[in-house]
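Chemist: For the sequence shown, the working numbering gives the first residue as 73, with consecutive numbering after it. All C-beta atoms in this analysis are idealised placements derived from N, C-alpha and C, irrespective of residue type, glycine included.
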Amino acid sequence: MNSSNDMIPPDRASAAAVSATSMPPRSGVRRWSRRRGVTGFFAALAVVGFAAAMVAPTGVALADPAAPDENETAYSLALEDTQNLTVTVEGATIAPVQRGSFSVYVTPKPTPTPTPEPAAEESSGGGGPLFYTGGGAPAEWMAAAGIPEGDRGYVDYIVSKESGWNPNAVNTSSGASGLVQALPCSKVPGNCFDPVDNLRWANGYATGRYGSWAGAYDFWTRNHWW
73 MNSSNDMIPP DRASAAAVSA TSMPPRSGVR RWSRRRGVTG FFAALAVVGF AAAMVAPTGV
133 ALADPAAPDE NETAYSLALE DTQNLTVTVE GATIAPVQRG SFSVYVTPKP TPTPTPEPAA
193 EESSGGGGPL FYTGGGAPAE WMAAAGIPEG DRGYVDYIVS KESGWNPNAV NTSSGASGLV
253 QALPCSKVPG NCFDPVDNLR WANGYATGRY GSWAGAYDFW TRNHWW
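1. If you run the structure through DSSP and keep just helix, strand and coil, what is E194?
2. For S249, which three-state DSSP category applies?
3. Tell me whether L149 sits in a helix, a strand or coil according to DSSP, three-state version.
4. Indicate whether the contact test is met: 3 or more Cβ pairs, each with one atom in the region 236–256 and one in the region 268–275, closer than 8 Å.
5. Please name the residue, chosen from W285, F265, N295, that lies closest to V227 on a Cα-to-Cα basis.
6. In the DSSP assignment, the alpha helix (DSSP H) including G287 goes from what residue to what residue?
7. Taking V268 as part of the alpha helix (DSSP H), name the residues at either end of that continuous run.
8. Between S245, Y282, P267, Y204, which has its C-alpha nearest M214's C-alpha?
9. Using the C-alpha atoms, what's the distance from P184 back to A211?
10. What does V231 pair with, by DSSP beta-bridge criteria?
11. Per DSSP, what kind of secondary structure is A241 in: helix, strand or coil?
12. Across which residues does DSSP place A254 in a beta bridge pair?
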């Protein structure tokens, strides 16, 4: 009997049995089954690898956040601040940028030490001789100038009228200087303000122009100058 429930003759049945026992094993079917198993294993492995590749970047991103850019400069920060604007109808609202405070120390300039100026010497107008500071008395000066004792009364009268016996007297209008008001002061040899030098010159002037101190006195009393 076959699969269709047909009766098979005995001789054909035995022949079928012999052929069934003598047929070689179905190695082709067994080899196909092994190849399908290997292919399925690699397909599963590929699926697992693809899933790992999809999940791995997310895990790395969660584990290690990206480090901030270390090349930030003052210019790049200022540029970001200026670009962060909120523009309205009225214009742009710019938030003030907070800057660090700092102080600058400036070395002060040293104050220069003033150079003392030399003391100005007292002199007559026009840079004349030095004023007299030696002291003394009229009698001593007349004696040192060589004026005879008999003429000293005339000298005392004229000098008292001219300068009041002040060796440093100067006429502000004419510039006449010294005891007898010599004009100009430079005509007196030595120092015009030295009383001895002034009287020595006056002694020669009185005798040379008026003949004597008595003649000089007479002229002075009539003219009030000599």
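Modeler: With the structure as the only source:
1. The count along the sequence shown starts at 1 and reaches residue 194 at position 122. Residue confidence is low: E194 scores 45 on pLDDT, short of 50, so the model does not pin down where it sits. Its coordinate-derived value is still stated next. The answer is coil: DSSP assigns E194 none of H, G, I, E or B.
2. The count along the sequence shown starts at 1 and reaches residue 249 at position 177. Here S249 sits in strand by DSSP.
3. What you label residue 149 is simply residue 77 of the sequence shown in a count that begins at 1. Here L149 sits in helix by DSSP.
4. yes
5. Position 155 of the sequence shown, counted from the start, is the residue given in the question as residue 227. Nearest of W285, F265, N295 to V227, Cα basis: W285.
6. If you number the sequence shown from 1, residue 287 lands on position 215. Start and end: 285–295.
7. Along the sequence shown, read from residue 1 onward, the residue named residue 268 stands at position 196. Element bounds for V268: 267–282.
8. Looking up residue 214 in the sequence shown gives position 142. Among S245, Y282, P267, Y204, the Cα nearest to that of M214 is on P267.
9. For this step, residue 211 is matched to residue 139 along the sequence shown. For this step, residue 184 is matched to residue 112 along the sequence shown. For A211 and P184, the distance between alpha carbons rounds to 53 Å.
10. Here the question's residue 231 lines up with position 159 in the sequence shown. The partner list for V231 (beta bridge, DSSP) is empty, contrary to what the question assumes.
11. Here the question's residue 241 lines up with position 169 in the sequence shown. A241 falls in the coil class under three-state DSSP.
12. Locating residue 254 in the sequence shown gives position 182, where the first residue counts as 1. Paired residue(s): S249.
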